[in-house]
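Residue numbers (this note's numbering), protein chains in the order written: chain A, 17 to 258; chain B, 186 to 265.
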Amino acid sequence: MTMFIGYGTIALFFATVIVVLERSKRQSANFTDYAVAGRAFGSWYQTMSFLNTWLPGTIFISFAGLAAGTGVLGFYYLPYSLLAVVLMFFMAQRVHDWGRGFDLRTQAEFLGMRYHSRLVRMVAALIGVVSSFPWMILGMQSLGLVFSYLSFGRISAVTAIIIGVAVLAARQVWTVRMGMRGVVISDMVQGIVAYGVGLCVILGLLCGYWPTATAWATYRTPTSRSPARAVSPVRSISPRSC
Amino acid sequence: MTPTQLRSARTRRRLLAALLIVDGIVTLCPPLYWAAGSSGSRPLTLGYFIGGSLIVLLSLFVMSRIDSAGDRGSETDVVS
């Protein structure tokens, strides 16, 4: 039952994203429309896109894990990420103006034009491809962990990674079909679910309004396949404490 | 700082640069990390991360206001 709830929630979210994508589908008129969504999305969409690129993978999983291992200093990434937003404040207008003015679609195109160099353009493209590999591998591992934990210990880590990669591959069908427009719209849906619904779920769990104690008590770790002995923090907090 | 003063491009550039430096020091200065991490005081450690993030966030709003004041100033110049 718990596995059904875990995987069912993912399936429901996935179905929601697909329905929204299909309903908002529009044929790309040209490559600019496909690669940069026709530069038609406003600041809300861009903010959500940035947040959902950085927060879920890096802060919620990697750096939360780092903080768990090394202490609260592992959260240095939070203010550091905000500094990236400050730098974007100084760069965004120029990048947007140049992009629109010269019909630039990629970072490599932008840098190649800025330095009048085909070599710079190729190196930038190469760095973009190579640097994405660690993120991709970490993303797959994280996804594997998510699917493993959502199965409540019934699926091995390797199988969970395979399921995660399969879901990721299935998701790419819409990315390839809809281009950047699909990515931005699904980021918005993801953001609403993560920060809206997710916040309500977290508050509900913290306040003990949902009967999660049974599920947590039968929780099994993915590796040991034995009932966890640790007492769930959910059960240790009473509703009155909120 | 009055709106008239903010219309000066030089003043705006200086203010934005100062805010950028403050943000850089708050977020990237290792001694601050070490002090916050090795103090043994939880409020200080958490205060550093939450306070540092808030400072950067607030600075973004201030930067945006400064930028908007500059845009309004240039529009007024064009009209007059």
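We treat Cβ as the ideally placed atom computed from N, Cα and C, and that holds for glycine.
Residue closest to A:Ala51, alpha-carbon to alpha-carbon, out of A:Gln109, A:Met17, A:Arg193 and A:Gly220: A:Ala51 has its Cα closest to that of A:Arg193, out of A:Gln109, A:Met17, A:Arg193 and A:Gly220.
Proximal residues of chain A, C-beta to C-beta of B:Asp208 below 9 Å: Pro95, Leu98, Leu99 and Val102, listed in chain order.
Option nearest A:Ser44 by Cα separation, candidates A:Met196, A:Val205 and A:Gly212: Comparing Cα positions, the closest option is A:Met196.
Contacts that A:Phe264 makes with chain B (C-beta to C-beta distance below 7 Å): No answer is possible for residue 264 of chain A: the residues shown for chain A start at 17 and end at 258.
A:Gly22 versus A:Ile171, A:Asp203 and A:Thr191, residue with shortest Cα-Cα distance: Of A:Ile171, A:Asp203 and A:Thr191, the residue nearest in Cα terms is A:Ile171.
Close-in-space but distant-in-sequence residues of the same chain around B:Arg198 (CB under 6 Å, 5 per side omitted): Cβ within range, chain order: n/a, list empty.
Chain A contact for B:Leu242 (CB, 8 Å cutoff): For B:Leu242, the closest Cβ of chain A is nearer than 8 Å.
Minimum Cβ-Cβ distance from B:Leu200 to chain A less than 8 Å: Judged by the 8 Å Cβ criterion, B:Leu200 is not in contact with chain A.
Beta-carbon spacing of A:Ser59, A:Val200 below 8 Å: Not closer than 8 Å, so no.
Three-way DSSP call (helix, strand, coil) for A:Tyr165 in this model: Three-state DSSP puts A:Tyr165 in a helix.
Secondary structure, alpha helix (DSSP H): runs of 4+ residues fully inside the segment 106-176 of chain A: As far as the segment 106-176 of chain A is concerned, its whole alpha helix (DSSP H) runs of at least 4 residues are 123-130 and 134-166.
Same chain, Cβ closer than 7 Å to B:Gly222, neighbours up to 5 away in sequence not counted: Result list for B:Gly222: Thr230, in chain order.
Under 8 Å from the C-beta of B:Thr212: neighbouring residues of chain A: For the C-beta of B:Thr212, the chain A residues within less than 8 Å are, from N- to C-terminus, Pro95, Tyr96, Leu98 and Leu99.
Terminal residues of the alpha helix (DSSP H) in which B:Arg199 lies: Taken as a continuous stretch (DSSP letters only), the alpha helix (DSSP H) holding B:Arg199 covers Ala194 to Leu213.
Neighbouring residues, chain A, relative to B:Ile205 (Cβ below 8 Å): As written in the sequence, residue 205 of chain B is Leu, which differs from the Ile given in the question. Chain A residues near B:Leu205: Val102 and Phe106.
Span separating the alpha-carbon of A:Gly212 from that of A:Met129: Cα to Cα, the separation comes out at about 41 Å.
Proximity winner among A:Gly54, A:Tyr96 and A:Ile26, relative to B:Tyr218 (alpha-carbon distances): Closest in C-alpha terms to B:Tyr218, from the list A:Gly54, A:Tyr96 and A:Ile26, comes A:Tyr96.
Proximal residues to A:Arg256 (C-beta, below 7 Å), its chain only, five neighbours per side dropped: Only weak support exists for where A:Arg256 lies, its pLDDT of 39 falling under 50; the value from the coordinates is given anyway. If we look at A:Arg256 and ignore the five residues flanking it on each side, it has no Cβ neighbours.
Three-state secondary structure (DSSP) of A:Ser59: Here A:Ser59 sits in helix by DSSP.
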